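These protein sequence lines map, in sequence, to chains A and B.
Per the numbering used here, residue 1 is the first one in the first sequence, and the count goes up by one each step.
Per the numbering used here, residue 213 is the first one in the second sequence, and the count goes up by one each step.
For glycine and all other residues, C-beta sits at the position ideal for the given N, C-alpha and C.
Because the structure is a prediction, the values reported are computed rather than measured.
Structure first, commentary second.
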Amino acid sequence: MEILKEISGYLQQGRAKIVKELVQQALDQGVPAEDILREGLLDGMNIVGEKFKNNEIFVPEVLVAARAMNMGAQILKPHLAAAGVEAHGKVCIGTVKGDLHDIGKNLVKMMLEGKGLEVVDLGTDVSPETFVQTAIEQNCRVICCSALLTTTMPVMGDVVKAAEAAGIRDKVKIMVGGAPLTEEFCRQIGADAYTPDAASAADKALEFCMEA
Amino acid sequence: METMTPKERIKNTLSGKEVDHIPFAVLNGQSWIAARNGLTMSGLLDLPDAGAQLLVDAYRELGTDILTSGCSAAWPMISAMGGSVDMNALSAEIVSRPLDTIDGIAGYDVTKVISDMKKYHYYQRTLDQLRNMRSLVGDRIMIGGGFFGPFTMAAQMLGVEQFMIELIDGEEEDVRRIVDFAAEIVIAYLEDLIENGLDLITIPEPVASGDLIKPDLYEQFVLPADLKVRERLADKCPDVLVHICGRTDRLVAAVAAAGFSVFSVDSIDMVKAQNDAGGRCALFGNLSPALVLAAKSSDEVYEISKALCEQMKPFGRFILAPGCDLAPNIPLENIQAMARAAHESQTD
């Protein structure tokens, strides 16, 4: 449908105001909210994620695209709820205890939302207990831990241990990411997945949620 | 055998002349040294000599050919502009930003911000530290330092995420205005540092990382501001080190063509970087602090360093160094292993 292509296209350009108007226009034309979400907003955000992964676009472009998606999603929200459309799954995300850097975490959050996942953003300086408690209370399928500092990376291991201690390790997947991290570190601490960039993180989280 | 002073070694490296061996340096390293001594950055500056002796001893123990002073951060500017900083954190964290929107910069008078910044206690302590270090080491070793570069300083006023959005969404004029404003602050600070003994200007631009912005934006906003800093201070301090974190392979040619003395690079292909630099500037790098220095044994670090020195020897104009600032958990012996590899790299 032409209007959905337009929504996707303007979202990729980060034109938030136009995206918001087009989403409303599509609703007024009787296009189902779920189609607008999946073929308009999420389609656009998927293309943004791929381009980001391939170094065709960079952080500023992703930020403005995500802002456009959020503005469109705000309009859609009540219509999606009324139609009983549910997210593909629920994920909680945060930057680990002792670390206040949040750009990487925020980028992953945007990409997760772009995959149609519901995200509980715990912010920065998040303790292992908070990650685990949130996963239990909010029924999250995935915990995403971010760290920029080599000094805070070990906290991710504490998140894995806290999930084991709480008896939820077999119910929740733990993903790790951030500039100093490696696949090897992920294996050492017993986490389930390391991804090198925000778009791959969202792909992996979606995969985990679809497995559930 | 060493036949040169560290300063001669660095000066010769920057100008492409012969050296007795490849020099070794770290990028900043102050928070590593402070943490190792159980201090925060403010605790270091609060020592009676502002931490000068401790720093000189630590850099000597590490075996570096360059010392560092000056805080490489934005705290004095943020405080002078009405933001707040947690000085008890290891590297001082910005708690609140002075600007909500980019056009808010129009409400500030740069002369007043500079004047207020100079009254800030830790600003003056930084100058004390540098002066004391210079009197301890004399003229045999270069001391590098500085704030962040103008682009990164501008991002600190607003928050990096908001600043990134403004790069795409805002008016080009607004971005230029805030970066120019920051450049004046950087220049004023560097003038004070030079007066107190600095002889290597360092311009770290982490927000210009190739992982964050595309090369076009670097050339549009970052490079002109960094060049402005260099040109305004060229007669007082001609040697300038530019550092950009992350993926900088696409920026080497531009930095080298701009005429900066040395480019400090993160974990990129160094042979390609040397080819792109084409002998127009020295390269400084590039062992990963996280993936190599914090993760490997000292023997492995030595072997990696030795191999890099061998690889870079034919090009000249190379300083062995970590690819970014030292993380506090890097073992001393791993840094010393780098120094050993550099010292053993006799050049022909």
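Residue-level contact to chain A via CB, N541 (chain B), 8 Å cutoff: The sequence position of residue 541 (chain B) within the second sequence is 329, counting from 1. Yes, contact with chain A.
Short-range partners of chain D found in the segment 158 to 188 of chain A, where Cβ spacing is below 9 Å: This model lacks chain D altogether, as its protein chains are A and B.
For L279 (chain B) and V48 (chain A), the rounded distance between their alpha carbons: Against the first sequence, residue 48 (chain A) aligns to sequence position 48. Against the second sequence, residue 279 (chain B) aligns to sequence position 67. Cα to Cα, V48 (chain A) sits roughly 44 Å from L279 (chain B).
Top-ranked residue by Cα proximity to V477 (chain B), from B:A446, B:V238, B:K219: Translated into positions along the second sequence, residue 477 (chain B) becomes position 265. If we check each option's Cα against that of V477 (chain B), B:V238 comes out closest.
P251 (chain B) versus D258 (chain B) - alpha carbon distance: Here residue 251 (chain B) is taken as the residue at index 39 of the second sequence, counted from 1. Here residue 258 (chain B) is taken as the residue at index 46 of the second sequence, counted from 1. The question names Pro, but residue 251 (chain B) in the sequence shown is Leu. The alpha-carbon atoms of L251 (chain B) and D258 (chain B) are separated by roughly 10 Å.
Partners in chain A for P501 (chain B), counting only beta-carbon separations shorter than 9 Å: Taking the second sequence and counting its residues from 1, one reaches residue 501 (chain B) at position 289. Result: T150, P180.
Secondary structure of L181 (chain A), DSSP reduced to three states: Taking the first residue of the first sequence as position 1, residue 181 (chain A) is located at position 181. DSSP places L181 (chain A) in coil when its eight states are reduced to three.
Option nearest V99 (chain A) by Cα separation, candidates A:L112, A:N54, A:V142, A:L148: The residue labelled residue 99 (chain A) in the question sits at position 99 within the first sequence. The identity of residue 99 (chain A) in the sequence shown is Asp, whereas the question assumes Val. For the residues A:L112, A:N54, A:V142, A:L148, the minimum Cα distance to D99 (chain A) belongs to A:L148.
is_contact[K426 (chain B), chain A] using C-beta, thresh 8 Å: Looking up residue 426 (chain B) in the second sequence gives position 214. Judged by the 8 Å Cβ criterion, K426 (chain B) is in contact with chain A.
Any chain A beta carbon closer than 8 Å to L544 (chain B): Position 332 of the second sequence, counted from the start, is the residue given in the question as residue 544 (chain B). By this cut-off, L544 (chain B) is not an interface position.
H233 (chain B) classed as buried or exposed, judged by whether at least 16 other C-beta atoms fall within 10 angstroms: Here residue 233 (chain B) corresponds to residue number 21 of the second sequence, with the count starting at 1. Buried, because 16 or more other Cβ atoms sit within 10 Å of the Cβ of H233 (chain B).
Endpoints, alpha helix (DSSP H) assigned at C209 (chain A): Taking the first sequence and counting its residues from 1, one reaches residue 209 (chain A) at position 209. Looking at the DSSP string, the run of the alpha helix (DSSP H) that includes C209 (chain A) is 198 to 211.
With 16 other Cβ atoms within 10 Å as the buried cut-off, status of N46 (chain A): As a working note, residue 46 (chain A) is residue 46 in the first sequence. Flag for N46 (chain A) reads buried.
Sufficient close CB pairs (3 or more, under 8 Å) joining the segment 337 to 347 of chain B to the segment 218 to 230 of chain B: no
Residues from the segment 340 to 373 of chain B in contact with chain A, defined by Cβ distance under 8 Å: V372, E373
Sequence ranges, alpha helix (DSSP H) only - wholly within the segment 339 to 378 of chain B, length at least 4: 362 to 370
Inter-residue spacing [alpha-carbon to alpha-carbon] between N408 (chain B) and G167 (chain A): Sequence index remark: in the second sequence, residue 408 (chain B) carries index 196 (1-based). Sequence index remark: in the first sequence, residue 167 (chain A) carries index 167 (1-based). Cα to Cα, the separation comes out at about 60 Å.
Cβ neighbour criterion (16 or more within 10 Å) applied to S327 (chain B): To locate residue 327 (chain B), count along the second sequence from 1; it is residue 115. Exposed is the call here.
Stretch-stretch touch, CB-based, cutoff 8 Å, three pairs: the segment 525 to 543 of chain B with the segment 488 to 495 of chain B: yes
Through-space distance from A551 (chain B) to D315 (chain B), alpha-carbon basis: Residue mapping note: residue 315 (chain B) aligns to position 103 of the second sequence, counting from 1. Residue mapping note: residue 551 (chain B) aligns to position 339 of the second sequence, counting from 1. Those two C-alpha atoms are separated by around 47 Å.
Cβ-based neighbour list, Q558 (chain B), same chain, cut-off 6 Å, excluding 5 preceding and 5 following: Here residue 558 (chain B) is taken as the residue at index 346 of the second sequence, counted from 1. H233, listed in sequence order.
Helix, strand or coil at H233 (chain B) [DSSP, three-state]: Here residue 233 (chain B) is taken as the residue at index 21 of the second sequence, counted from 1. Strand.
Rounded C-alpha distance that separates L27 (chain A) from A246 (chain B): Within the first sequence, residue 27 (chain A) is the residue found at index 27, counting from 1. Within the second sequence, residue 246 (chain B) is the residue found at index 34, counting from 1. For L27 (chain A) and A246 (chain B), the distance between alpha carbons rounds to 59 Å.
7 Å Cβ shell around L41 (chain A) - same chain, five flanking residues per side excluded: Mapped onto the first sequence, residue 41 (chain A) falls at position 41. Closer than 7 Å at the Cβ level, and outside the excluded window around L41 (chain A), lie I7, L11, M69, G72, A73.
F472 (chain B), enclosing beta strand (DSSP E) - first and last residue: Position 260 of the second sequence holds residue 472 (chain B). Segment: none, F472 (chain B) is in no beta strand (DSSP E) and carries neither H nor E.
Which of helix, strand or coil DSSP assigns to K217 (chain A): An answer regarding residue 217 (chain A) cannot be provided, because it is not within the stretch 1 to 212 covered by chain A.
Own chain residues within Cβ distance below 6 Å of I18 (chain A), not counting five before or after: Position 18 of the first sequence holds residue 18 (chain A). Cβ within range, chain order: Y10.
Cβ of I93 (chain A) within 8 Å of any chain B Cβ: Along the first sequence, one-based indexing puts residue 93 (chain A) at 93. By this cut-off, I93 (chain A) is not an interface position.
Below-8 Å beta-carbon distance, E385 (chain B) vs any chain A residue: Looking up residue 385 (chain B) in the second sequence gives position 173. Chain A contact via Cβ: absent.
Check whether G157 (chain A) and I189 (chain A) have beta carbons under 8 Å apart: Numbered from 1 along the first sequence, position 157 holds the residue referred to as residue 157 (chain A). Numbered from 1 along the first sequence, position 189 holds the residue referred to as residue 189 (chain A). A contact, by the Cβ cut-off of 8 Å.
Neighbour flag for E417 (chain B) against chain A, beta carbons, 8 Å: As a first step, residue 417 (chain B) must be located in the second sequence, where it is residue number 205. No, because no Cβ of chain A sits closer than 8 Å to the Cβ of E417 (chain B).
Bounding residues of the beta strand (DSSP E) (the contiguous stretch that carries H555 (chain B)): Indexing the second sequence from 1 puts residue 555 (chain B) at position 343. H555 (chain B) -> not in any beta strand (DSSP E); alpha helix (DSSP H) instead, spanning 544 to 555.
Counted within 10 angstroms of its Cβ, other Cβ atoms place S347 (chain B) as buried (16 or more) or exposed: Translated into the one-based positions of the second sequence, residue 347 (chain B) becomes position 135. So S347 (chain B) ends up on the exposed side.
I399 (chain B) beta carbon less than 8 Å from that of L445 (chain B): By 1-based counting over the second sequence, the position of residue 445 (chain B) is 233. By 1-based counting over the second sequence, the position of residue 399 (chain B) is 187. Yes. Within cutoff.
heavy atom of the ligand ZN below 7 Å from Q74 (chain A) C-beta: What this structure holds is no ligand at all, so the ligand ZN is not there to describe.
Residues from the segment 453 to 480 of chain B in contact with chain A, defined by Cβ distance under 7 Å: none
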